[in-house]
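All remarks here apply to the structure that follows.
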Amino acid sequence: MRIKDGFVLRQIIGQYVVVGEGLSQVNFNKMLSLNESAAYLWKELQGKDFSVEDVTALLLDRYEVAEELASKDAAALCESWQKAGVLE
């Protein structure tokens with residue numbers, strides 16, 4: 451997986467959002483809102499190829515969480531980003 455080029459993380463009034471810049475061909479009718487953990491992951495993953503296992507490892511490195519929960523959260527996050535159309 452990889453975050454598609456043209457999607458940018460912005461902080462607007464204390465909230466993290468992903469917006470499409472220069473993507474006239476993309477129908478992006480809503481912004482993707484991220485919590486602080488997801489924003490951290492976005493920053494770490496942008497411009498890189500990654501897997502659910504890579505996301506899990508980032509969560510385990512940063513947070514004190516059980517591996518099973520980190521893996522479940524990583525899979526859910528990747529699925530939500532895939533559904534939002536920001537991954538290739």
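Going from the sequence shown to the numbering used here is simple: count from 1 and add 450.
Cβ atoms here follow ideal geometry from the backbone N, Cα and C, with glycine treated the same way.
Practice task
Within the same chain, show all residues whose beta-carbon is closer than 8 Å to that of Phe500, passing over the 5 residues directly before and after it, in chain order.
Solution key: Met451 and Arg452
Practice task
Note down, in chain order, each residue of its chain lying with its Cβ closer than 8 Å to the Cβ of Glu518, except the 5 sequence neighbours on either side.
Solution key: none
Practice task
Give me whichever residues DSSP pairs with Val536 in a beta bridge.
Solution key: Bridge partners of Val536: none, in fact.
Handout entry: Residue burial classification, Tyr466 (beta-carbon count within 10 angstroms, cutoff 16)
Key = buried
Problem - Three-state secondary structure (DSSP) of Ser487 - result: helix
Handout entry: Proximal residues to Gly472 (C-beta, below 7 Å), its chain only, five neighbours per side dropped
Key = Gly456
Problem - Residue burial classification, Ala524 (beta-carbon count within 10 angstroms, cutoff 16) - result: buried
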